[in-house]
Amino acid sequence: MIDPLTLEVFWSRLISVVNEQAASLIRSAFSPSVAEAGDISACAFDPRGYLIAQAVTGTPGHINSMARCIRHFLDVYPPGELAPGDVLITNDPWKTSGHFHDVTVVTPIFRGRELVAFFGNICHLADIGGRPFSADARELFEEGLFIPITKLFIAGAPNEELLKILRANVREPEAVTGDLYAMTAANDVGGERLLEAMAELGLDSIVPLADEVIARSERAMREAIARVPDGVYRNSLTLDGYDQPVTLAVAVTVRGDAMDVDYAGSSPASSYGINVVLNYTEAYTTFGIKCALAPDVPNNEGSFRPVTITAPPGCILNCLPPSPVAARHIVGQWLPNAVHGALGQAVPDRVLAEGASSLWITQLNGHWADSRRFSLLFFNSGGMGARPGKDGLSSTAFPSGVYGTPAEVVEARSPLMIVKRELRIDSGGPGTYRGGLGHWLVLQGVRAGAPYRLSPFFDRTENPARGYAGGLPGATGVYRLERPAAPGDPTATADARPNPKATVWVEPETLIVMGLPGGGGLGDPLARDPAAVRDDVRDEYVSAERAAEEYGVVLDTGGEVDYPATERRQGARRRPAQGGT
Amino acid sequence: MGERLRAGVDVGGTFTDVLVVDDRSGAFWVGKTLTTPDDPSVGVRAGLAEVLALAESQLAGRRPAEGGPDERGGSDGGTPQRAPAGNALAALETVIHGTTLVTNALLERKGDRTALVTTRGFRDAVEIAREHRYDMYDIFLDLPRPIAPRHLRFEVDERMLADGTVHRAVDGAAVRALAGRLREAGVAAVAVCFLHSYRNPAHERQVGAILTGELPGVRLSLSCDVSGEIREYERTSTTLANVYVQRITEQYLDRIQEELAGLGSPAALLVMLSSGGLATVETARRFPVRLIESGPAAGALAAAHAGRRCGRPDLLSFDMGGTTAKACIIEGGQPLVADELEVDRVYRFKRGSGLPIRAPAIDLIEIGAGGGSIARVDALGLVKVGPDSAGARPGPACYGQGGDAPTVTDADLLLGYLDAGFFLGGRMRLDAGAAERAVAEGIARPLNLGVVEAAWAIHQVVNEHMAGAARMHAVERGKDLRALPLFAFGGAGPVHVYRVATILGVGEILCPFAAGVGSTVGFLAAPLAFDFVRSDYTLLDRADWAAVDARYAEMEDEGRRLLLTAGVAPEDVTVRRTADMRLFGQAHQIAVPIPQGRLRPEHGAVVLASFEMVYRSLYKRTPPGVPIEAISWRAVVSGPSPALDLRDADSPEGPGPGWPGPPAVAGASGAIKGERPVYAPETGGFTPTPVYDRYRLRPGALFTGPAVVEERESTVVVGPGATAHIDAFRNLVIIRPAGAARARGPAPEVEDRGAPAGSGAASSLEP
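Order-wise, the sequence lines are chains A and R.
Going by the numbering used here, the first residue of the first sequence is number 1, and it counts up by one from there.
Going by the numbering used here, the first residue of the second sequence is number 582, and it counts up by one from there.
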């Protein structure tokens, strides 16, 4: 029998312990995607390997990866073979988080000689060798160094043989070693705090409390699912892909308090690095479900149990080795939209319209005019889909939780100048609630000494974010390279539209033009409050022409709503549109 | 010689607190008047007048009979004639003021119609912000609204590069045309924020000069003046907030000065900054955004001051009130200072949900955990407390004002920590029946617990929450809280501190006497100080030390000029230099001390060594071979810290009207005013526990827990087995049983004294 008061204290403490573990890692990590994006996760497991608590960090992509990874570690090193001071490591994409850059470190925690818990974390390293971060690889082996499950520390001493190989294979050996030490130290922080709590609460084992937390989480998740009407809800989306469009098909089956999510019918694996391992598919699927149904239920073994997620082996959402996987986020980050499109048929007020979906990531490598090397990675986001009762957020990451990088930091860290960073007028999908706007981002290598390398990770340049419940789609993304007009050179303005996922070399004077996609609208645009349309026009989120065309709202010369003209226009628009949604 | 008086005035939501101190004798007087929200300066004047009159009468009354045994040594003993009327008023040299005006104006969006002028292509930087959702799972969240809407954001075709070179010059004619558009838009305030102005402010200055000429009467702030730091979103947000509240701040400060003049006082007005420094009215008028946290800053300064006096320069100040709890690390007698804060949070306590303000501020963590915080059962069937609060109205169920949600105060009452008949010194009766019903309905029944168990669960969950938040705060700063005594104040702080200390593993707890005057003490303990910062990303081994030296000279000259203008003697000026540095590629920077005086290339090695020392103290080891990067250079230019030495507790006439109750008694047992059952898990439930009257406990009094110590504003709960004594400064010092070995400093060796064990045992340390 669990003492309810001990459970209260234990649970509060455990949340605080994993948050501390995450904070410790974020503070001391080197990788730029940790710096600007919080691209890490931190977790506690019971001695059986059940995930019991996970810190909320910048990336949903690690949710289930962490939960699954521990089994794989225990297959290789059963608990009986682990000793105090051992630390385990891997970056096996299929066993943890889907690409080589994400390295997982797991530490068994001992109380005396008894194994009482595991702490684990994932961190996106600054470099892992192979090609610079891009979607271009045709095989896994091009994407960097593969670290199978092995020991990073053996009874407290670093595994120098492993570190030798690692340091020889990466571009920034000091930063990478520094990150691995930071990850190890973060698990130690978690373990130390847990042992203190066990001493204070007089616990010999955390298993009974873990069982209780897991059972309660499972119950809460089941209750949330049971509130969704039974049925099979299907959805299908198309994204640009690398060299050909990719279809994601999903069937969500709700039966009582359990849910199956199956991706049969999705495209086969790509021959480029945009493939997704099942762990990562599960992570973004879980995230989508949680946002819609159970934002307050914590991630742990219990909350995962009621949901089964499957995808046919070899499809792009359950790719097999040696499929390349470096840019798996491009596809994976569409899954919350896929799930919401299906679930929305059952719970329309709990989901949002499609948004820009995947982050637009830019990786730059090259040299300054004085021949110093530079390498820069930054993240940008288009518009979020409109929400029941609210407009979509403009240029805000979803489902990812990362940050953009300030223009001044980009310019201090690289020879590029940001020419423009401005919201894209009319990019938000019209609707009763408007989709969020994307933005223009224009860059030029004004202080670069020579052509530099650009690896883009852009999608939705052909497939817009669809509207929902009568809302219209957001604007598609734009990506082109422009050479500015030079006097006397008639060909100079000819612009290029390279593949938005292929690495290219860019001349210093060339403008990189990125127009990030907008989010889809929700509900009939004609039903939008004309005063809201007026405000959108005043703030140039929407042009006067589009206000008239899409919303049927006519403004007078003073910018106020011309109600009689608006009524006439909307009346004319409604008749032919009958039954059109 | 006569008195030298200084006054601290804190305008709070309900009360205006005034503390007047005579720096020559340490005598002080306190007063409390109702805040006058429509024009707070009226309340300030009334409060000051009241306390000065009190000071006047006491000074006049005691002059002939001067001469306590250990204080006021001959300060004015040689002038036994009656003081002339208005003597106290004439002796008042400075009035130090803290205000929530700026915060409120931002929260309520009551500032001026404000325009933003940016570099071409960047008018949306302030709206695109960091492209981040501050809550992972809430798809319905809202983002903070920029102060200037998009139609009031304008661009100038100019461009500076990151190294400070001009890429495109300013076209003066275009700026004059822009001035016309601003005039047409009817704006009363303009913020100018160009890219890389932290590196080269020339364009901002040029445009600022033109706009000043073209737009008389319009308030103007340049980002290079308000916040000279890299990161355009944060700098723009700060500059906008500054100019947005400038006019109302000016008007407010003018009114206070008028009221002071009306009172006939010659005193100079100084204003408390968020950083814990004081500034002249002139500075406050230019940079109102630096006043945002002036109230909380004063609380932390008061804790730091008390810690310095009693030999605890390092501690954690813990202030728990009705709706929130705040914690702040005090190190070396000074509160830690952060470079940024947030205002107008959409989610009240969620980082990232407010407008960022880049300005030095006392580094507090504030969470939604207070006496009024509401408890409920969450989706997992576990107790959750806060962040929503029952506030003052309806308040906790036990207030009997119609609230029926169970709160922390209700739980504290049911556990015997509070006395229904002595809340606020008996001014308010608590309804234990209502508390019991609320806790039973809201928590006990759904969880199938007894009411007492449910109350204990609420108490413990809120304690865990506060301890967890404090520990996160410490981890993020590389500090270990276990080494820091807890300094507890605020209405609920002393009630909860014992359990919070237990969770944190802290051995020693200090509860100051008469915490009611806490903030105003902070005002009087602060020095005049000005903060400066210049950003410039540079690798340490490539640093241009002549340029760094020039930056410091520029910042420090300005600081000296401001201090001299405010009347500080040149020899009293001190400068503290630090730089924000990190290993290249790291996310977070650390503050590294920079040598004084002229900087030369050979200082590179000194700075490198300082960096490594600070880094290792935080992270144990420095990874080899990683270059070090400097981000920003900072200087704090300060006047002298006032030698505030309040002679409160044992002064023969007491400290003024804030002094209730009978005279203190020597031993502890004489201070016991009763006994009641109090819950402690160590004893398995309720134990009859002695209740001490704080006002009758004299320095040296010693007793052991369990015990409850009551004063008007709060109640200290001491757990079983702990030892408590009153120190020379009338702080109540608690040593936890398990933590006694960890306690540091000049705490009395209580075990050696053979303090009797068992509840309520009392003795005295005095011979």
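We put the beta carbon where it would ideally sit given N, CA and C, even for glycine.
Less than 8 Å separating the beta-carbons of residue i and residue j?
{"i": "A/Thr150", "j": "A/Leu163", "result": "no"}
{"i": "R/Val1081", "j": "R/Leu1065", "result": "no"}
{"i": "R/Met1162", "j": "R/Ile1090", "result": "no"}
{"i": "A/Val533", "j": "A/Gly559", "result": "no"}
{"i": "R/Val683", "j": "R/Val592", "result": "no"}
{"i": "R/Val676", "j": "R/Leu1105", "result": "no"}
{"i": "R/His732", "j": "R/Ile837", "result": "no"}
{"i": "A/Val228", "j": "A/Leu293", "result": "yes"}
{"i": "A/Ser31", "j": "A/His124", "result": "yes"}
{"i": "R/Val1033", "j": "R/Leu995", "result": "yes"}
{"i": "R/Val964", "j": "R/Ile1039", "result": "yes"}
{"i": "A/Thr557", "j": "A/Pro500", "result": "no"}
What is the DSSP secondary structure of residue i, counted as helix, strand or coil?
{"i": "A/His99", "result": "coil"}
{"i": "R/Thr990", "result": "helix"}
{"i": "A/Gly523", "result": "coil"}
{"i": "R/Glu1294", "result": "coil"}
{"i": "R/Glu912", "result": "strand"}
{"i": "A/Cys319", "result": "coil"}
{"i": "R/His713", "result": "coil"}
{"i": "R/Glu874", "result": "coil"}
{"i": "A/Val9", "result": "helix"}
{"i": "A/Lys390", "result": "strand"}
{"i": "A/Leu14", "result": "helix"}
{"i": "R/Ser1232", "result": "Since pLDDT at R/Ser1232 reaches only 41, below the 50 mark, its modelled position is unreliable, and the value read off the structure follows with that caveat. In this structure, R/Ser1232 counts as coil in the three-state DSSP scheme."}
Along the chain, where does the beta strand (DSSP E) containing residue i start, and where does it finish?
{"i": "R/His1306", "result": "1304 to 1307"}
{"i": "A/Gln244", "result": "Unbroken run through A/Gln244: none, as it is neither H nor E."}
{"i": "R/Thr897", "result": "Going by the sequence as given, residue 897 of chain R is Leu instead of Thr. Per DSSP, R/Leu897 belongs to the beta strand (DSSP E) from 896 to 901."}
{"i": "A/Arg561", "result": "Note on identity: in this sequence residue 561 of chain A is Val, with Arg being the wrong assignment. No beta strand (DSSP E) contains A/Val561, which DSSP labels as neither H nor E."}
{"i": "A/Gln54", "result": "51 to 54"}
{"i": "A/Gln444", "result": "439 to 444"}
Chain R partners of residue i, CB-CB under 8 Å?
{"i": "A/Asp39", "result": "What A/Asp39 touches in chain R: nothing, since even the nearest Cβ is about 10 Å away."}
{"i": "A/Leu162", "result": "Per Cβ cutoff of 8 Å: no residues; A/Leu162 is ~17 Å from chain R at best."}
{"i": "A/Leu352", "result": "Ile720"}
Under 8 Å between C-beta atoms, does residue i make it to chain B?
{"i": "A/Pro406", "result": "Absent from the structure is chain B; the protein chains it does hold are A and R."}
Residues of chain A with a CB under 8 Å from the CB of residue i: which are they?
{"i": "R/Arg714", "result": "Leu393, Thr396, Ala397, Phe398, Gly401"}
{"i": "R/His1046", "result": "Ser12"}
{"i": "R/Glu1034", "result": "Pro4, Leu5"}
What span of residues does the alpha helix (DSSP H) with residue i cover, start to end?
{"i": "R/His784", "result": "783 to 795"}
{"i": "A/Met384", "result": "Note, A/Met384: premise wrong, no alpha helix (DSSP H); not H, not E."}
{"i": "A/Ser303", "result": "301 to 304"}
{"i": "R/Ile837", "result": "827 to 844"}
Please list, in chain order, the chain A residues whose beta carbon lies closer than 7 Å to that of residue i.
{"i": "R/Glu1057", "result": "Ala23, Arg27"}
{"i": "R/Asp959", "result": "Asp296"}
Residues of chain A with CB under 9 Å from residue i, in chain order?
{"i": "R/Leu1030", "result": "Pro4, Leu5"}
{"i": "R/Gly1086", "result": "Glu196, Glu200"}
{"i": "R/Phe703", "result": "Ala407, Ile418, Lys420, Arg421, Glu422"}
{"i": "R/Gly1266", "result": "Neighbours of R/Gly1266 on chain A: none; closest Cβ ~13 Å, over 9 Å."}
Give me the chain R residues within the contact set of residue i, using Cβ-Cβ distance strictly less than 7 Å, ordered along the chain.
{"i": "A/Asp539", "result": "Pro730, Arg731, His732"}
{"i": "A/Val9", "result": "Gln1041, Glu1045"}
{"i": "A/Ala412", "result": "Ala743, Ile811, Tyr1118"}
Looking at chain R, which residues of the stretch 281 to 292 of chain A have a Cβ within less than 9 Å of any of its Cβ atoms? Phe287, Lys290, Cys291, Ala292
Mind checking the stretch 807 to 835 of chain R against chain A and listing, in chain order, the residues whose C-beta falls within less than 9 Å of any C-beta there? Ile811, Arg812, Glu813, Tyr814, Glu815, Arg816
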